[in-house]
Each structure stands twice: as C-alpha cells, then as structure tokens.
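Take 16 as the starting number for the sequence shown in the working numbering and just add one per residue. Reading through the structure tokens given below for one structure.
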Amino acid sequence: MLLIIILIPLISACISGLFGRFLGQNGTRIFTTFCLVLNFTLTLILFYFQKKYCLSQALDIGNWMSSGLFVVDWSFIIDDITIIMLLVVNLVSSIVHLYSTSYMSEDPHLPRFMAYLSLFTGFMLLLVTADSYIQLFLGWEGVGLCSYLLISFWYTRIQANKSAIKAIVVNRISDFALLFGIIFIFYVFCTVDFASTFALFPFITNITLKNGIFTDINLTAVIPVLLYIGAVGKSAQILLHTWLPDAMEGPTPVSALIHAATMVTAGVFLIIKCSEIIEYSAVGLIFISFSGAITAFFAASSGLMQYDIKKVIAYSTCSQLGYMILAAGLSAYNVSFFHLMNHAVFKALLFLGAGSIIHAVNGEQDMRKMGGLLKILPLTYSAIFAGTLAITGFPFLTGFFSKDIILETAFGTYGAAGLYVYWLAIITAFLTAFYSFRLLYFIFFAPISVYRIFTLNAHESDLRMSIALIILSFGSIFVGYLFKDFMLGLGNLFLSNNIKIYGWNLYTYDSEFINAIAKNIPLLVSLAGFLSFFMALKFLRTSVIFYEKNIWTLLNFFANKWYFDKIYNYYINTPVLRSAYKINYKLIDKGLLELIGPLGIWYKLRNSALLLNNLQKGIVSDYLFYMAFSAFLCIYIYISSDKPIISEGNLLLLFMPFKVSSGWLSKK
C-alpha cells in the first residue's frame, strides 16, 4: 500500500501532463483530484493499521546504484514520523487540488498546473518515505524543481520568472551543503542509509578528512552543521529566507501547498529525522535554537509592515518555521513535529482564505485597497478568523497546544541564553497577534476602499472552494486537541522509536512543572498584541504605533525587511554580476575562447578570403602569369619526383589550351 500511495501522485502527474489535452479541463480536474483524495483515503487506512499493529518496516524494491561500497537501493520506510507526514501532505494536497479546480478554472493551462501540483506531491512523498540520504536528496531536489515550475507558472509575468529563479538559486546554496553532508556521511560510515548511520554515529568520533582542503576537520562535528545548513534554505531561515516572500508571485494554491505542508517543512523534517546525529552537537543545538528564535522575530517584525495579503502570510510562515527550528534546537523534536502538523492545517486555511478574497476582488492583493468585506464574504471571514485565532495561540485551538509548549520548553532552558531565546519568542508571539488582527481589520472592518465595480461583483467562493475552507477550518479548531495526547505528554511512546533525545538535552518534561505565571505569559502576550493594535487604531487612527522619528525609523527598517534584499543586491549580487561580466564574459568567453575558437577561425578565413580576393583584379596579363607560373611549377614537380603526383593524362588536360605535345612532356 505504501508504494501505491507514493506512485498515485506521480502517475496522476504523468497522465494529466501528457494527456491533459485529450482529457480536457473537466477531465483533468476530476482525475487529479480523485487521485489525491484516494491517496489520502489510503493513507488513513495505512495510519489505522500502522498504529493498531505498531508497524514499522522498510519496503525494499531493488538496487538503484552500486559501485564498490557505494550501494543505494530503492527502499521506502514506514514509521511514526513517516505516517504523520503522509497524512499531512496528502490532506493538504488533496484539499489544494480540490480548491484549484475552481480557483484556476479560467486558466487555459489548467492540465499543466494540475500536473505540477501532483508532481510536487509525489516528490514530497518520495522525500518523507526515503530510507537513505540519496533517495531523500532525490525528493529534495524534486520539490525544488516543482517549486520553480509552479512559481513561474504564469511565465509571461517577468516578476514570476525572477521569483522562481531566485527561489531555486537561493536553495542551491543549502542543497550544496546537504550534498556535502551526504558525501561526508558516506566517507565516515561507508553507507548512506539512515538506520546504519544512526546506529554507528555514537561509536564513531574524531574522524578527520586526511586529504583535501578540509584536512584535519572533524567530520562527525561537521556533518550536523551541513545537515542544518541544508535545512536552512528549504525552511527559509534567516540569511537564506529571501526567496520565500517572493514565491508569492505564483498562484495562491501554490503558496498554500509550498508554505503549508511540502517544501518549507522539508528542512524541519530533515532535522527531526536526523535527531540522532544532531543530538551529539551541544553547541550546534544552541545555535539552532538561536537561529530559530531570531528567524521567528525577524519574520514577525517584517510582516508587521507589509500590505500585500499573501506576503503577510508568507512572513507568518517564516516566523512559525522559526518556532519549529527553535523547538528542535531545544531537543523538543516531538513538539516541533506537532507544530509542523498543526501549522500545515491553519496556514493552508489562511492562504486559501486569502485566495478566496483575491478571487472576489478581481485579483487585488493590497490590503489597503480592500475593507468592508465582512458582509460580502462571511464564510471566508469565518475561515480566516479561525486560522488567525489558531496562529495566535488562542486557548484550545490547534495552534495553542503546540505553540505554548514551545515557549514553555524555552523558559529557563540553557540559563541566560535560554531566557534570551524565550523572550525573543515571546515578543514574536506579541507581533504575531498584532499583524494577524491587522490583516483582519484591513480586509473586513476598515472603511471600504475597493473599487465600486469590484464591490458590486464580489461574491463568496463557489462550492469547491468553500468545502476546502470548511474542512481546514474544522482542522484549525480541533486537530491540536485531538492529537495532543498522541504527540505530547509524559510517558508518551509515540515517536520514541524514531526520535532520540539524550538525558542531558531533555527539557520538555521540565515544561510540565514551571510556575503558572510563566505558563500564562504566552496567552497574555497574544491578548496584548490584539489589544495594542486596536488601541493604535482608536487613538492614532493609523496602523502604526507612534509618530516619533525613532519609531518611524524602526518601522521603516521593518517595512524594508531589515534591508536583507538591498544588502544582498548591493554587496553580493551586483559585484558578482559585474565581475562575471568583465572576467567570465568579456575576458574569457568573448575574449580568450573566441580568439582560439569561432572568432579566431573567422579571422583566419576572412584574411585568407581577402588575400584571394586581391588576386582577382580582372587584368588578363596577371591571369596569364598565374597560369604560366602554375604550369611551370607542375612541370618541375613532375620531373623532379620519382613518383609523380600528377599523371601524364592529367598534365595533358591541364595544358590542353596550349596544345602541348605529350611526347615533349614524356620523362626520359
């Protein structure tokens, strides 16, 4: 059944992509959506049997690559982590497919779009079920390729093409690090499958690379770092996050699929999957938690001043990914995984709700040009309101159960360093509530700023889009409550066979015994964020807080996304492009290579042609001289050589105009 679950999206992608013109728009929509709903149903059945009979096994299909000790098999694994990821990916993907059948119904290239969605899902399933690093890397690169295809789906838009290129180029940095991590894993362990690596890692230390530029570097310390850098790009952590907001240039269903359950969660999944390796690096864990906290704060502060509805939600995604990485750095891998699952539901709801709004106002995405849509879009408002409460950690909704325990685990962890991480995360919770309710206000409660013609034509989403929103709304309310005892709690055995936490890194249990005030701080901070926004509206009649110059400078800093894009463009991209133009292009490509290649050959041929052209002057005496000279030269060669290169017959033909006797030319 596991193999069928993996193959169904790939088969759906092939059929809809190759035969979409024959299936037609309706046939493609029905076929692809049916395949993904069937896939989710099979995943539910597999989940039931996996939990009932505690199944955890590998499915070995056959050999893929073999060269000496390097042996890679087509092998898939089913365990606790895999089954939850299968549920999350297939649920969100099937809903996105259903939603897309309506949202993209007017697009003439719908079969291609549905094929890309199915291919994306197939590669993600290949990634999460892989039993070796090489197979995981295949799925890893596959989702990167599909993200490029989906972001640039509207390829006639220049910004969409630029954003797609940016996404794939930025991810190449982290992919390069992950590839080196896999190479070093094979160098140390002589294997690339997960089980063997995890079993051997505790017993192999201080392995150094004796030859090459990495001489005397401890590879067992470098491998966790490379794996983490590999996760940084995919999960849009700070420094490699810039591709994520720009990915909003793709269609809204693409944003929901990329940001909710597939590409951006791959990095977090990699860290959780390789917990047995990362646990051995104490300094690495502290760095990971710091990186996650800074990413969460950075993204929340940047989303505070954005006006594009999709970019606000995109920075929200980046912030929540920071929470997941923060939890992983605290060795709370099960909490990180739980938040990943919850986030997939309510973030998909927010994106699809945003798509419903954009659809209703004729493609407008600027929140300042909306307002007053509450009475026009009541169902969409209810869905986005549920998602907003979930992401802000409102009690007993989905986000509450995972987000709060992340903050509680961070409380007091690592001493002073842990407090720094904790308060960064707390400030992030405040900002999350602020920009989330700011989004609600601008769209539904602010004075109407929509063009009248758009207001008259605005309408609620059709049945297919509404079903998707309703399902995700219920998920945003109940999923956290239903799965909290399954994923969390003292003595919980779920994930214990797949996640290894060593005693010196065990902080999750301490969160159960912190004082009541610390437990209530996240809720109080979220309420403060909510109230502060409406106080700002009431007293200052603006979406910002103060008019003071220093505050404006700070808000401008946030509005420009900490100037990361400007710094990269000015100090990295522009110098690299200039040097590439001057050295690679002008000096090497158009210089040296051209001189010894096409350009040099052209110069020689041109000069030779000019020389021959000078011989053709149209003067009869010159022509007679050339003919006489050629004749005497041929005679000389013929007479002086033992084996003439010119026969008598050919020579007679040459001198036929002069009627030279053959007897006179005979050799004596």
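Ideal Cβ positions, reconstructed from N, Cα and C, are used throughout, including at glycine.
Original post:
Between CYS50 and the rest of its own chain, which residues show a CB-CB distance below 8 Å, the 5 nearest in sequence each way excluded?
Top reply: ILE23, PRO24, ILE26, SER27, SER133
Original post:
In chain order, what residues of the same chain lie with their CB nearer than 6 Å to the CB of LYS326, ignoring the 5 residues before and after it?
Top reply: PRO260, MET263
Subject >> Sufficient close CB pairs (3 or more, under 8 Å) joining the region 434-449 to the region 373-390 >> reply: no
Original post:
Which residues in the same chain have their Cβ closer than 6 Å to the Cβ of TYR496, if we skip the five residues on either side of it in sequence?
Top reply: none
Subject >> Simplified DSSP assignment, three categories, for GLN72 >> reply: strand
**OP:** Specify, as a first and last residue, the run of the alpha helix (DSSP H) that SER351 falls within.
**Re:** 348-375
**OP:** From the DSSP output, read off the bridge partner residues of PHE85.
**Re:** SER82
**OP:** Consult DSSP for ASP122 and reduce its assignment to one of helix, strand or coil.
**Re:** coil
Original post:
By the 10 Å Cβ neighbour count, where 16 or more other Cβ atoms means buried, how is ILE20 classified, buried or exposed?
Top reply: buried
Original post:
Where DSSP assigns a beta bridge to SER147, which residues make up the other side?
Top reply: ASP208
Original post:
What's the gap between the Cα of PHE415 and the Cα of ASN78?
Top reply: 45 Å
Subject >> Bounding residues of the alpha helix (DSSP H) (the contiguous stretch that carries HIS274) >> reply: 267-275
**OP:** Can you grab the Cα-Cα spacing for the pair THR557 / PHE549, in whole Å?
**Re:** Unreliable positioning characterises THR557 in this predicted model, as indicated by a pLDDT of 49, which lies under 50. A coordinate reading is not provided.
Subject >> Burial state of ILE468, where buried means 16 or more other Cβ atoms lie within 10 Å >> reply: exposed
Subject >> Continuous beta strand (DSSP E) assignments of at least 3 residues falling wholly in the region 392-466 >> reply: none
**OP:** Give the secondary structure of ILE219 by DSSP, where H, G and I count as helix, E and B as strand, and everything else as coil.
**Re:** coil
Original post:
Straight-line CA distance for GLY265 to ILE420?
Top reply: 34 Å
**OP:** Would you list, in sequence order, the uninterrupted alpha helix (DSSP H) runs of no fewer than 4 residues that lie entirely inside the region 551-633?
**Re:** 564-574, 579-582, 589-594, 613-630
Subject >> Three-way DSSP call (helix, strand, coil) for SER90 in this model >> reply: strand
Original post:
Is it buried or exposed for TYR68, if we count other Cβ within 10 angstroms and need 16 for buried?
Top reply: exposed
Original post:
Whose C-beta lies closer than 7 Å to the C-beta of ASP146 among residues of the same chain, with five residues either side of it excluded?
Top reply: ALA73, SER90, PHE91, ILE92, ASP208, PHE209
Subject >> Alpha carbon of ALA574 to alpha carbon of PRO217, nearest angstrom >> reply: 46 Å
**OP:** Give the secondary structure of ASP261 by DSSP, where H, G and I count as helix, E and B as strand, and everything else as coil.
**Re:** helix
**OP:** Would you kindly work out how many angstroms separate the C-alpha atoms of LYS601 and LEU610, rounded to a whole number?
**Re:** 12 Å
Subject >> Neighbourhood of LEU510 by C-beta distance below 6 Å, restricted to the same chain and skipping five residues each side >> reply: ASP95, ASN349
**OP:** Would you mind sorting GLY606 into buried or exposed? The rule is 16 or more other CB atoms within 10 Å of its CB.
**Re:** exposed
Original post:
Are THR443 and SER334 touching if we call contact CB-CB under 8 Å?
Top reply: yes
**OP:** Note down the Cα distance separating MET80 from VAL86, rounded to an integer number of angstroms.
**Re:** 6 Å
Original post:
Just how far apart, CA to CA, sit ALA724 and ILE492?
Top reply: Absent from the structure is residue 724, since the part of the chain shown begins at 16 and ends at 683.
**OP:** Using a Cβ cut-off of 8 Å (strictly closer), state whether ARG383 contacts chain C.
**Re:** Checking the listed chains, one finds no chain C in this structure; it contains a single protein chain.
Subject >> Inter-residue spacing [alpha-carbon to alpha-carbon] between TYR733 and ILE485 >> reply: An answer regarding residue 733 cannot be provided, because it is not within the stretch 16 to 683 covered by the chain.
**OP:** Determine the contact status of PRO537 and ILE441, defining contact as a CB-CB distance below 8 Å.
**Re:** yes
Original post:
Whose C-beta lies closer than 6 Å to the C-beta of GLY490 among residues of the same chain, with five residues either side of it excluded?
Top reply: VAL360
**OP:** In the DSSP assignment, find the alpha helix (DSSP H) that holds ALA329 and state where it starts and stops.
**Re:** 324-344
Original post:
Relative to the alpha-carbon of LEU59, which residue among ILE328, LEU84, ARG36, MET16 has its alpha-carbon at the smallest distance?
Top reply: MET16
Original post:
So, using beta-carbon positions, are ALA347 and VAL283 closer together than 8 Å?
Top reply: no
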